[in-house]
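There are 2 protein chains.
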Amino acid sequence: MSTFHKLIACVALIFAFAVATAQADEGMWPLYALDNLDFAMLKARGLELGPDQIYNPQDGGISAAVVQVGGGSGSFVSPDGLIVTNHHVAFGAVQNQSSVDRNLLKNGFLAKTMADEIPAVGYNAYVTKSFKDVTSDVRRGVNPGMSDLERYETLEKNKKLIIKKAEKNGDVKCRIAAVFGGKEYYLITMFRIRDIRIVQIPHLSIGEFGGDIDNWMWPRHCGDFSFLRAYVAPDGSSAEFAEENVPYKSDRYPPISSGHLAEGDFAMIIGYPGRTARYRSSFSIDESINHSYPRTIERFGDLIGIMEEISVEDPVAAIKLSGRIKGFNNYLKNSKGMLKGLVKSGLLAKKRAQEQELSNFIVADPALTEKYGTVLAELKANHDEQLKFDEKESVLGGLSMVSRLYSTARGLYKWSIEKTKKDLDREPRYMERNVEDRKRSLERMQLTYVPEAEQRMLEYMTLRALRLPADQRIAGIDKQFYIAAREDTAQAVTNFVMRIIDGTRLDEVKTRLAMFDMSTEELLKTNDPFIKLARDLYDETEELNERSKAASGALAELRPKLVEVYARWRQGNYYPDANGTIRLSYGEVKGYSPADAVSYKYVTTLSGVLEKETGIPPFNSPAKLLEVYRSDDFGNYVDSAIGDVPVDFLTTNDGTGGNSGSPIINGKGELIGLDFDTNWEGVVGDYYFDPVVKRSICVDARYMLFILDKVYGAQNVLDELTIH
Amino acid sequence: MSTFHKLIACVALIFAFAVATAQADEGMWPLYALDNLDFAMLKARGLELGPDQIYNPQDGGISAAVVQVGGGSGSFVSPDGLIVTNHHVAFGAVQNQSSVDRNLLKNGFLAKTMADEIPAVGYNAYVTKSFKDVTSDVRRGVNPGMSDLERYETLEKNKKLIIKKAEKNGDVKCRIAAVFGGKEYYLITMFRIRDIRIVQIPHLSIGEFGGDIDNWMWPRHCGDFSFLRAYVAPDGSSAEFAEENVPYKSDRYPPISSGHLAEGDFAMIIGYPGRTARYRSSFSIDESINHSYPRTIERFGDLIGIMEEISVEDPVAAIKLSGRIKGFNNYLKNSKGMLKGLVKSGLLAKKRAQEQELSNFIVADPALTEKYGTVLAELKANHDEQLKFDEKESVLGGLSMVSRLYSTARGLYKWSIEKTKKDLDREPRYMERNVEDRKRSLERMQLTYVPEAEQRMLEYMTLRALRLPADQRIAGIDKQFYIAAREDTAQAVTNFVMRIIDGTRLDEVKTRLAMFDMSTEELLKTNDPFIKLARDLYDETEELNERSKAASGALAELRPKLVEVYARWRQGNYYPDANGTIRLSYGEVKGYSPADAVSYKYVTTLSGVLEKETGIPPFNSPAKLLEVYRSDDFGNYVDSAIGDVPVDFLTTNDGTGGNSGSPIINGKGELIGLDFDTNWEGVVGDYYFDPVVKRSICVDARYMLFILDKVYGAQNVLDELTIH
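Taken in sequence, the protein lines are chains A and B. Here the working numbering is used: position 517 in the first sequence is 517, and no number is missing along the way. Quick note: to get the working numbering, add 724 to the position in the second sequence (first position is 1).
If you want it as structure tokens, here you go:
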């Protein structure tokens, strides 16, 4: 997961049925529920800390060092707000600061003093301050007579009220996390740090050595780390970037371990995993295998091809598109791994058998039958209903995904409607608390806007819209397109897209910001073709949204029931699916066997980097690293047990997208590395955790120190760390 | 090397400079020189046999069981001429017996009785009867005043005379093998068995499980074995297929080991390796890296693409082309591995450094300088001269390779000229001893002739001819083509090729056989366009042949000198490069590490077959094998140390193309498997033996027994074997 964390943004919200019995090192455990863990067992495996030292509501424990940042995770490693995270988590910030003449992404960056640090534009860091069970508040007013949509809206309104109240102090950002599919709801309060700066990032060819070829794979040889710094106002409050800001005072920061690491050593990950779907129903897995993954694999492959063609021709576009290409590639490879893993694991058949057994269990008991007898059938009906609009929804979503102009127009149009409502009646993304962010993203659109990519990807998605089956047509597209053209040939599509792109002014910042303040009527008066497109697609999009809300409302009732009956059927120590909140997973350093007669060792080495080195991207180490290698200048960074400088290592820890940059902590509470990827054989772990082959891929702390020291001479960063 | 043996036919004769100092398990040792081996060391490693038990001129020793067959190797495994060899060695014979309705290749074959055995058309088996040093006879009359061409012709004439005399007994086939680049010459006398029949061959999806994807790779899961039987006339003399023929009486045949095989166990391979080039000069390696391999990779890739397109459309063509596609794919993948290995090993730089050191050694001694001072410079001049015609030669060779019609016409035309000469003055391939074979191959051309492939591949190569640089034009092609067309467009090329194909009658057996008896004049009178093409290309082809002969004549002098001076420089125990004669290599069962953090075990398992199984070729095991697996019906074939049925294993033995089907023999003289491939990392071993990664891939004898027993119920074959 060189862009592991991007999954959060890319993956459509998976309707996860969130309950699983823990086995082996499975489980991403909420910090408020650490008591469910067997600490005697963990101690026997090497953990020297008790639950309170990991997390407690008073002083936080070591988990207080762990932040959510850039869509991934990170941790403070100094009292002055220094954050270590993955290279690929900082990627977007560095991309935005790069130009053809000053390509920080390619050449790396080191601020020798705090004054040299540069803004990580658009980056925030969040520190979790508290968890609170708000289940009864969220479910207040929900009653059995409600329709699915009414239930959805009641739940949403309650959530908004709770958040509004909790966010009265402007420095915190709150969210309500559904746990066990809505069986419980937790209010998560986070301190939001808005001034993040770039301290150090290695060359792309260290941080992402092996690129998309090695992504999701082991053996790996990435120095996937970077350093950021959190700043706040002089009074300690959250503030946007400003000269007078001061480093955030972080009380908790793990020391860095420079000691030996061996197979079998205890390892703990604390971070912000995004989404898992360990107990999805068979209906949902069927949809993934037979519809969504094959579609994704085809479309993402095509879209990457388009962006790569453009990048070869145009170096400026290449930088602007780099993040998207990276994200798409990451998601494409992930989807391929998922599909392969889903098929290979036979999960669908297993799941069907399990549901059959559960049905038998329910049927055997009249009381259970009365309460849970229709749950599975209702879940199936819910999925079947959704399949009716699946293709249409995927194209409408695809239009927003590929077209910056359309998604902007859609956002502006929707905003012009939402803003006339009371705050609590708006959709969450349009509430006052998010207005500032919406405005900022309108400003920043320019950073990644490439006209040729816009045009060609929009053509691609328009053609897909025109190929939709009769019962899932998008009337708005049909109307606009067939007024302009008679036939849906490629040329007609090109003409159509060029015409609306030529006619729009949404590619200008000024226009976008001006439109932000317009009413719906004023917007329509501009006659901008993308605004018109947004208008023509509005009703259909809203209709699908309503359907989706009703489906969510149904699931909010069905999933908790399913969790309950599963729990009745199979006793066990359950953990909830990942939901973007802070979690702990435990495990150990360990290799694996990916195939008959093949063994993977738990650690890779600097010699392995040189073995892959070709001088051609993505296997082109910086000259300085090659020089260090050739001169045998390894300092104290050689691990005598492997006779080499360690680079990356594997652990059995559970994890998923969003965990990128999470600290890996040993039994003593020292940072031994950063989680940055899942192995190919383990990708399917989002659905099905197989302890035999699921591994987390981590960059070794000693490799970070070695690179800082020998390649960059980053003494200032090293001095700031506490190295054990 | 599922078609490992095909290399002999495909690889243009490598001008090998054949001398290397043995290290580790390097070396393919001639049987007449076993005394050079350290038998005390071999005994310590597990060999229980003495040199005389392996080979002696009187009763042969166990090596007398080893035959050369179908371009590969094999060994007798019963007293009744039963031969075990690779599936891919018998492939061509089975392909010729297959049809769309009766696809023996796909479905496998088992003769339940001798009467059911079917002819392996075109196959011979050769048993080496004796070696004789004939160096002085071959070099008789060679003197320093001769030109290179004169030297070549003197050597050739001497060889012919020696062979003619030696072959007086019609049952033997003789050849003169140059050893150490011509420092020594050996007369090899072989008994030729001409009636070979197919006894058993597994399904393609067992014998070649993994196909071109797994070819040259480890871990491997092929049952790459088959059984043939040798027949002779009732009086024991060599005879073509005839009802009354009787099984050949093989005195020597190794028992089959069904016992445990462990890492570190001693292993010995006896077989017929084709060509190695371990001590090629830097000039020659330069040519390989920068010219011949890149060219081969491009052309073979294109030609395979053409044949595959045709095969998809036409199932009859698919069978007819299968052997060629297989051979081309094999060679293509091999070439890629070679190129990668040559670059990665840095052999060119090493070789240049070595030659510099050798030069320094020579220059330091006036006596050496006088004798060897110009050897390297002359070798370089020889290679430089050859580069001048390299492109032209590759296209002329390519025309013969792709076009059955042209190569036939060229052979007939040349034969009409050669047959007017005295036998000893003819080129070897046109001497009386080979006439019968030539005629037979004219008959058999039909078996693999596919008109569409002929046309499209001929177009491909014609276009290459028209793209040759000005100083390497082929006048005959230019003349014929530009008379027919003004421009060398693809369409003009198609028209040209279609016209000559339409006009020829060489696609009829009758015509070909009739032409075989014609004089040059009569041939030309037929006005056949391919005969005309052969005529128009004749002078240029002959001129290149003459140049090539002169180059060989020069090398016949230079190489022995280089061997001598290398031997003076670096004392050591030398072995000659492989040259198609019977050799022994020793080693042990052993895995390896192909890359940082990756280990390959020495053995694969039946569970590994199932792990790769997809149901889609080339990973589609026959239903019966899947059934056996699912029913856990493994008999005694489970190796308790690995808890599974062993499939393939690795050894450190030296080997190369031609070794396919060679018996792997343990310290007791039992057959433990068959060599069938070299691993990807070891492919470059033809130039450079790296003991760390070079491995031979072998099918385990126990897998052969398991498949025969459980999948085919081949009790008759099992009963004939001696199983220990």
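Glycine residues also receive a C-beta, built at the ideal position from the N, C-alpha and C atoms.
For A:Gly92, name the three-state secondary structure that DSSP assigns.
helix
message = For the stretch 773 to 789 of chain B against the stretch 924 to 941 of chain B, do three or more pairs of beta-carbon atoms, one drawn from each stretch, fall closer than 8 Å, so that the two count as touching?
response = no
- What are the residues that DSSP puts in a beta bridge with B:Ile1086? In DSSP, B:Ile1086 forms no bridge with anything.
Amino acids of chain A, ordered along the chain, whose beta-carbon sits closer than 8 Å to that of B:Ser1035: Simply none; closest approach about 26 Å.
Q. Expressed to the nearest angstrom, what Euclidean distance is found between the alpha-carbon atoms of A:Ile206 and A:Ser281?
A. 41 Å
| If you check the beta carbons only, do A:Ser593 and A:Asp654 fall under 7 Å apart? | no
Look up B:Phe1358 in the DSSP assignment and say whether it is helix, strand or coil. coil
- Message: Can you give me the C-alpha to C-alpha distance between B:Trp753 and B:Tyr1298, rounded to a whole angstrom?
- Response: 9 Å
- Query: If you drop the 5 nearest sequence neighbours on each side, which residues of the same chain put their C-beta closer than 6 Å to that of B:Glu877?
  - Reply: none
Taking the CB atoms as reference points, tell me whether B:Ile807 and B:Gln821 lie closer together than 7 Å.
no
Exposed unless 16 or more other CB atoms sit within 10 angstroms - verdict on B:Asp1320:
buried
Got a sec, what are the start and stop residues for the alpha helix (DSSP H) A:Asp133 sits in? Note, A:Asp133: premise wrong, no alpha helix (DSSP H); beta strand (DSSP E) at 125 to 133.
For this session: Just grab the DSSP bridge partners of A:Gln200 for me.
Result: A:Leu110, A:Phe227
Q. Which of helix, strand or coil does DSSP assign to B:Asp1241?
A. coil
Query raised in the report: Applying the criterion that 16 or more other CB atoms from any shown protein chain within 10 Å of the CB defines a buried residue, is A:Ile269 buried or exposed?
Result: buried
Open item on the list: Could you tell me the alpha carbon to alpha carbon distance between B:Arg953 and B:Gln924, rounded to whole angstroms?
Closed with: 10 Å
Can you tell me whether DSSP reads B:Pro1370 as helix, strand or coil? strand
Legend entry - Which of helix, strand or coil DSSP assigns to A:Asp437: helix
Can you tell me which of A:Cys174, A:Leu155, A:Glu313 puts its alpha carbon nearest to the alpha carbon of A:Asp425? A:Leu155
Checklist entry - Do you know offhand how far A:Lys388's Cα is from A:Glu313's? => result 41 Å
Considering only C-alpha positions, which residue in the set B:Gln1078, B:His984, B:Gly865, B:Arg1023 is nearest to B:Val1290? Per the sequence presented here, residue 1290 of chain B reads as Tyr, with Val not at that position. Of B:Gln1078, B:His984, B:Gly865, B:Arg1023, the residue nearest in Cα terms is B:Gln1078.
Quick one: what's got a C-beta closer than 6 Å to B:Thr1305's C-beta in the same chain, skipping five residues either side? Ala901, Ile912
For A:Gly74, would you say it is in contact with chain B, using Cβ-to-Cβ distances shorter than 7 Å as the test?
no
Per-residue burial, A:Glu357 [other beta carbons within 10 Å of its own, 16 or more giving buried]: exposed
| said: Quick check: B:Phe1205 and B:Thr1228, are their CB atoms within less than 7 Å of each other? | reply: no
Practice item. Mind listing the chain B neighbours of A:Val603? Cutoff is C-beta to C-beta under 7 Å, in chain order. Key: Ala1321
Partners in chain B for A:Gly673, counting only beta-carbon separations shorter than 9 Å:
What A:Gly673 touches in chain B: nothing, since even the nearest Cβ is about 15 Å away.
- Item | Whole-Å CB distance - A:Gly210 paired with A:Pro646, under 8 Å assumed | No, A:Gly210 and A:Pro646 are not in contact; Cβ-Cβ is about 16 Å, not under 8 Å.
Practice problem: Mind listing the chain B neighbours of A:Tyr600? Cutoff is C-beta to C-beta under 9 Å, in chain order. | Solution: Ala1321, Val1322, Ser1323
Chain-ordered chain A contacts of B:Ser1331 [CB-CB under 7 Å]: Asp596
Given a threshold of 16 other Cβ atoms within 10 Å of its Cβ, counted over all protein chains shown, does A:Phe76 qualify as buried or as exposed?
buried
Exercise. In whole angstroms, what separates the C-alpha of B:Gly1359 from that of B:Thr1328?
Worked result: 18 Å
Run down chain B in chain order and give the residues with a C-beta less than 7 Å from the C-beta of A:Glu611. Ala1319, Asp1320
Contact set for A:Thr614: own chain, Cβ-Cβ below 8 Å, skip 5 residues either direction | Asn620
Notebook entry, point to check: Just how far apart, CA to CA, sit B:Arg1426 and B:Val1362?
Noted result: 9 Å
**Asked** B:Pro943 CB to nearest chain A CB: under 7 Å?
**Response** yes
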